[in-house]
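Sequential numbering of the sequence shown, starting at 1, is according to UniProt numbering. Notes for the one structure printed next.
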Amino acid sequence: MTLELKGITKRFGALTANDHIDLEVNAGEIHCLLGENGAGKSTLMNVLYGLYQADEGQILLDGEVQHFSGPGDAMRAGIGMVHQHFMLIPVFTVAENVLLGHEKALGGLSGAKQKVREISDRFGFHIDPDAKIEDLPVGVQQRVEIIKALSQDAKVLVFDEPTAVLTPRETDELMAIMQQLRDEGTAIVFITHKLREVRAIADRITVIRLGKVVGEASREDSSNELASMMVGRAVELTVQKSPPVLTDNIVEIRGLTVLDAIGQKVVNDVSFDVRGGEVLCIAGVQGNGQTELTEAIIGMQPRTTGSIKLNGLELQGKSVREVLDSGVGFVPEDRTVDGLVGDFTIAENLMLDRYRGEPFVRVGSIDRAVRDEFATEKLDAFDIRAQGIDTHVGTLSGGNQQKVVLARELGRPLSLFVASQPTRGLDVGSIEFVHSQVIASRDAGIPVIVVSTELDEVVGLADRIAVMYRGGVVGVVPADTSRDTLGLMMAGEPPAAAPADPTDPSEGAAA
Ligand SMILES: Nc1ncnc2c1ncn2[C@@H]1O[C@H](COP(=O)(O)OP(=O)(O)OP(=O)(O)O)[C@@H](O)[C@H]1O
Ligand SMILES: [Mg+2]
């Protein structure tokens, strides 16, 4: 099936998110949609999927004009979407989720189970139709989304940033699935910010910027060429930093252990130091305790034992409020859950954790002029693309939401900076910016801890690397450790020649 979008225009108030966009996707083609955060990619796909109505333009399937008043219409016409935030119901089984909304077409639960088995076999998924969604890893849940779309005989499949939450291995597997779908004749739209993925599987690449198509690119183009086409300027794809200059500031973590709700050790006896002036990256496959470790540092994990000393001050056992007040900046892994309040404006979000004192609060009421001046300055300094400081954060693109979190956390004096997946979902230009901010914190002489599942990011940012596996730290190694060694460590194998003292920060400085 051939999909044609002709002159699609979508406005939100004064903002034109899609400005006369033309896009053609053929059967048996993977068409990558590239563009910076806020360029209008998701909006365009939401128009295609019937979630939004275009103000102008047409959607054609095999030359016929379509009118979608909702996703149901789009699905019936053969359009499927694998959402980034899965739409599955966690307490339902795989088959129940696939059945949902399509009871008639699938012929009840037994029909749905049959369909799951059939599609699962075709792609070698090994998915049990009776498994509960909440028991499945993220990568498998995504396959259920794919099965759900294919069970509706989708001929056009949209993947909106499907790899952002996947492990490297899951990513490779997904790309193989997409290639198989393509070879079977599905028309695929693939949105990703990872140029490596684009260059690996794109048949065609369309670049959009500020709501307009700026042109087609080729997978033979270099990452630098693709990046500058997206952003409209040259982008530095490698992290720029000078050798670390260590200061006397220090965070000392000893025997940190975190239990989950059922008493299992999700962080197991972790010890390391980070000195001012260096970045310690915590690498590892998602789900090996990294999230809980950073949450324990800022006081969000109630079942924590051990010690976290920041310049001699014990943080363990303190409330989140007290930890933040002692100068810890924190970028949470999921900005939409812990980082921001979507219904608040940018200005309100920027002062979320500062409602208690000058300069924003005077005798219990907010000084709007001071707040607005602060917010305007941050909007500018962090290049937050929004109509103004009164824009609701929930309507910002992912990258711009992340910039609001960073602007808030880096906008006050810090003695420790902890960032979890700080560039997840960001475009290359924003990543360059975030990385420069992380390095600026380090160069200001505070300890910096960055959790990342992206090996490129870890290797680029780190002065030393700690690898976590099943709740423990497998080793702390210099930043120039080979990727092969890091890969093995991520699978639980200790480094061949372990550093004499893994908590000695001079180890990385010498590297
Ligand atoms: N429901 C909405 N109301 C108002 N503005 C919106 C809405 N949805 C999107 N926008 C705005 O439209 C523009 C395009 O957003 P969109 O989500 O399509 O970007 P994107 O290219 O998908 O970005 P990202 O790479 O960050 O996902 C942004 O400026 C965004 O703030
Ligand atoms: Mg998007």
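All C-beta atoms, glycine included, are put in the ideal place defined by N, C-alpha and C.
Bridge partners of residue 481 according to DSSP: none are assigned. Residue 246 and residue 182 have their C-alpha atoms spaced approximately 51 Å apart. For residue 6, the enclosing beta strand (DSSP E) starts and ends at 3-12.
The DSSP assignment places 204-209, 212-217, 250-259 as complete runs of the beta strand (DSSP E) inside the stretch 196-273, in order along the chain (cut-off: 3 residues).
Ligand 1 never approaches residue 372 closely enough for any of its heavy atoms to be under 7 Å from the residue's Cβ. Taking residue 27 as the centre and dropping the five residues before and after it, the same chain places the C-beta of 1, 2, 155, 185, 186, 187 closer than 8 Å to its C-beta, in chain order.
Put simply, the stretch 117-128 does not touch the stretch 45-64. Fewer than three CB pairs are less than 8 Å apart. Inter-residue distance for residue 276 and residue 311 is about 10 Å (C-alpha atoms, whole angstroms).
When secondary structure is reduced to three states using DSSP, residue 389 falls in the coil class, being assigned neither helix nor strand. Remark: the C-beta of residue 42 is in contact range of ligand 2, defined as less than 7 Å to any heavy atom. For residue 158, the enclosing beta strand (DSSP E) stretches over residues 156-160. Exclusion of the five residues before and after residue 399 leaves 37, 426, 427, 430 as the residues of its chain whose Cβ lies within less than 6 Å of its Cβ. For the stretch 293-362, the full-length alpha helix (DSSP H) segments reaching 4 residues or more read 320-325, 346-350 along the chain. With fewer than 16 other beta carbons inside 10 angstroms of its own, residue 87 counts as exposed.
DSSP places residue 464 in the strand class (E or B) of the three-state scheme. Under the DSSP assignment, residue 22 falls in the beta strand (DSSP E) whose first and last residues are 15-25. Listed as beta-bridge partners of residue 93 by DSSP are 132. Residue 37 has its Cβ nearer than 7 Å to a heavy atom of ligand 1.
DSSP places residue 382 in the coil class of the three-state scheme, outside both helix and strand.
Proximity of the beta carbon of residue 14 to ligand 1 is not indicated: no heavy atom of the ligand is located closer than 7 Å.
The C-alpha of residue 268 is placed about 43 Å away from the C-alpha of residue 376. The alpha-carbon separation between residue 227 and residue 306 amounts to approximately 44 Å.
Separation of residue 140 and residue 127 (C-alpha to C-alpha, rounded to the nearest whole angstrom) is 8 Å. A straight-line Cα-Cα distance of about 7 Å links residue 20 and residue 212. Here residue 460 is buried. Its C-beta has 16 or more other C-beta atoms within 10 Å. In the three-state reduction of the DSSP assignment, residue 371 falls in the helix class.
The beta carbons of residue 342 and residue 393 sit closer together than 8 Å. Contact annotation: residue 208 and residue 39 have beta-carbon atoms nearer than 8 Å. With a contact defined as Cβ atoms closer than 8 Å, residue 330 and residue 308 miss out at about 13 Å. If you ignore the 5 residues before and after residue 409, its C-beta comes within less than 7 Å of the C-beta of 329, 330, 331, all in its own chain and listed in chain order. Within the same chain, and ignoring the five residues on either side of residue 202 in sequence, the residues whose Cβ sits closer than 8 Å to its Cβ are 30, 31, 32, 190, 219.
Residue 342 has its CB no nearer than 7 Å to any heavy atom of ligand 2.
Residue 378 has its alpha-carbon roughly 20 Å from the corresponding atom of residue 416. With fewer than 16 other beta carbons inside 10 angstroms of its own, residue 313 counts as exposed.
CA-CA distance, residue 108 to residue 68, rounds to 26 Å. The three-state secondary structure of residue 275, taken from DSSP, is strand.
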